[in-house]
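Student: Questions regarding the structure given below will be posed in turn.
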Amino acid sequence: MTGTFGSVLAAFEPPSTKDFVWDCWGPALRVGGLEFCMNFIYFLVLLGFLAMLGFFYFALRKPRVVPGKLQSTAEIGIQFVRENIALQMIGPEGDRYMPLLATLFFAIFFWNIWEVAPWVNFSSNSRIAFPLVMAIVAWITYNVVGIRKHGFGGYAKHVLIPPGAPVWLYPLLVPIEFITQIIVRPITLSVRLWANFLAGHFLLAVFFLGTIAMLESGGILYAIAPLSFAIGVALVGFEIFVSVLQAFIFTILTASYIGGAIAEEH
Amino acid sequence: MFGLLAQTTGDVGTGLETIGRGLVIGLAAIGPGIGLGVLIGHAVEAMARQPEYAGQVRATMFIGIGLIEALALFGIAFSFII
Chain S
0 MTGTFGSVLA AFEPPSTKDF VWDCWGPALR VGGLEFCMNF IYFLVLLGFL
50 AMLGFFYFAL RKPRVVPGKL QSTAEIGIQF VRENIALQMI GPEGDRYMPL
100 LATLFFAIFF WNIWEVAPWV NFSSNSRIAF PLVMAIVAWI TYNVVGIRKH
150 GFGGYAKHVL IPPGAPVWLY PLLVPIEFIT QIIVRPITLS VRLWANFLAG
200 HFLLAVFFLG TIAMLESGGI LYAIAPLSFA IGVALVGFEI FVSVLQAFIF
250 TILTASYIGG AIAEEH
Chain Z
0 MFGLLAQTTG DVGTGLETIG RGLVIGLAAI GPGIGLGVLI GHAVEAMARQ
50 PEYAGQVRAT MFIGIGLIEA LALFGIAFSF II
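Protein sequences appear in the order of chains S and Z. According to numbering that gives the first Met the number 0, the first sequence is numbered sequentially starting from 0. According to numbering that gives the first Met the number 0, the second sequence is numbered sequentially starting from 0.
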């Protein structure tokens, strides 16, 4: 028995964080200590973005009153973002933020779905950089619209002091509100998206590589390989669900932050 | 205990680090697991009592799921940092 497990462990290389590091294609541009270059991840980002642009270009190129399949798919998607995210979270003013919210939703979805695309199986959102940039965009948006609406002092009061709190609690409340609303929000937004796809990649890699390792090992583990493969297939379905869910959660949280920033005082 | 550890071959520090990583993920999943159970259970109850507000309850539920889930995912992220 130990021999069987030993051979599996020899063939099975557990996935590690080095799966997420890709080498540069061609020369790199050095600015200070940073290195900018074209690599596989950036290629996926560009390809996902072009896929999104192409999808909406072909779907809405010649809009008809009675929509075709592609057009109605695009329209259902946009209607979903408008009715379930923008109008629900921000209210009637939500239409102003539709370009941002719809772009975030569909861009995140098209980048997420690389996780289950055959022969790719790597989401660009499993590197922290891309979720972080989107979270910074959301952070700047909700702070700027809040400051525009209430003025700087009014927005600071709106954010830092919960209505109805007694004055003697302010020294305790103001730092807590500042940390939760200004500092932690962009971090949780980006870490949620990033860690989901990091964990998703590990799950898929463990079950599919484990299947191969068990098949190659011979012996009793050969019988368990189909089970591992079945779990892997089920997890692919789960990852598709997670792709949609994370795009939805990122967008709806951005919308709720914007809605909270421009809300009237109670 | 320490005599036994000293006798083992290989790097004990690496082994303890691996145990720590596993513990971080497991411990980080406990609280959010309970939280998600309470949240989703109550959301289902609310939807069953007031089906006409199901859409609103579901949207709020997903926001809550997103907020709670981040805690467990912090555990995954930190397990790679340590």
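Backbone N, C-alpha and C fix where the C-beta goes; we use that ideal spot for every residue, glycine too. Just so we're clear, the structure is a prediction, and the values are computed from it rather than from any experiment.
Determine whether the Cβ of residue 88/S lies closer than 9 Å to any Cβ atom of chain Z.
Tutor: Along the first sequence, read from residue 1 onward, the residue named residue 88/S stands at position 89. Yes - at least one Cβ of chain Z is within 9 Å of the one on residue 88/S.
Student: Going by CA-CA distance only, name the one from 258/S, 229/S, 103/S, 47/S that's closest to residue 116/S.
Tutor: The residue you call residue 116/S lines up with position 117 of the first sequence. Selected option, being the one with the closest Cα: 47/S.
Student: Which same chain residues, not among the five before or five after residue 238/S, have their C-beta less than 6 Å away from its C-beta?
Tutor: Position 239 of the first sequence, counted from the first residue, corresponds to residue 238/S. Contacts found: 114, 115, 199.
Student: Do the CB positions of residue 49/S and residue 122/S come within less than 9 Å of each other?
Tutor: Position 50 of the first sequence, counted from the first residue, corresponds to residue 49/S. Position 123 of the first sequence, counted from the first residue, corresponds to residue 122/S. It is not a contact, given that the beta carbons lie outside the stated cut-off.
Student: For the pair the stretch 184-191 of chain S and the stretch 52-70 of chain Z, tell me if three or more CB-CB distances fall below 8 Å.
Tutor: Yes, since at least three Cβ pairs between the stretch 184-191 of chain S and the stretch 52-70 of chain Z fall closer than 8 Å, the two stretches touch.
Student: Can you confirm whether residue 55/Z, when its beta carbon is compared against all beta carbons of chain S, has any partner nearer than 9 Å?
Tutor: As a first step, residue 55/Z must be located in the second sequence, where it is residue number 56. Closer than 9 Å to some Cβ of chain S, the Cβ of residue 55/Z qualifies, so yes.
Student: In chain Z, which residues lie less than 8 Å from residue 198/S when you measure between Cβ atoms?
Tutor: Within the first sequence, the letter at position 199 stands for residue 198/S. Within chain Z, the residues near residue 198/S are 72, 75.
Student: Using C-beta distances below 7 Å, list every residue in its chain close to residue 19/S, excluding the 5 sequence neighbours before and after it, in chain order.
Tutor: Taking the first residue of the first sequence as 1, we reach residue 19/S at position 20. So the list reads 125, 126, once near-sequence residues are dropped.
Student: Helix, strand or coil: which one does DSSP assign to residue 60/S?
Tutor: Working through the first sequence from its first residue, we reach residue 60/S at position 61. Residue state, collapsed to three classes: coil.
Student: So what's residue 177/S in DSSP terms, helix, strand or just coil?
Tutor: Position 178 of the first sequence holds residue 177/S. Three-state DSSP puts residue 177/S in a helix.
Student: Quick one: what's residue 147/S bridged to in DSSP?
Tutor: Walking along the first sequence from the start, residue 147/S turns up at place 148. The partner list for residue 147/S (beta bridge, DSSP) is empty, contrary to what the question assumes.
Student: What is the DSSP secondary structure of residue 34/S, reduced to helix, strand or coil?
Tutor: For this step, residue 34/S is matched to residue 35 along the first sequence. Residue 34/S falls in the strand class under three-state DSSP.
Student: Within 9 Å of any Cβ in chain Z, is that where the Cβ of residue 54/S sits?
Tutor: Here residue 54/S corresponds to residue number 55 of the first sequence, with the count starting at 1. No, no contact with chain Z.
Student: With H, G and I counted as helix, E and B as strand and the rest as coil, what does DSSP make of residue 4/S?
Tutor: Here residue 4/S is taken as the residue at index 5 of the first sequence, counted from 1. Since pLDDT at residue 4/S reaches only 49, below the 50 mark, its modelled position is unreliable, and the value read off the structure follows with that caveat. Correct three-state label for residue 4/S: helix.
Student: Give a yes or no on whether the minimum CB-CB distance between residue 38/Z and chain S is below 9 Å.
Tutor: Numbered from its first residue, the second sequence carries residue 38/Z at position 39. By this cut-off, residue 38/Z is not an interface position.
Student: Do you know offhand how far residue 260/S's Cα is from residue 228/S's?
Tutor: Taking the first residue of the first sequence as 1, we reach residue 260/S at position 261. Taking the first residue of the first sequence as 1, we reach residue 228/S at position 229. Straight-line Cα distance between these residues: approximately 47 Å.
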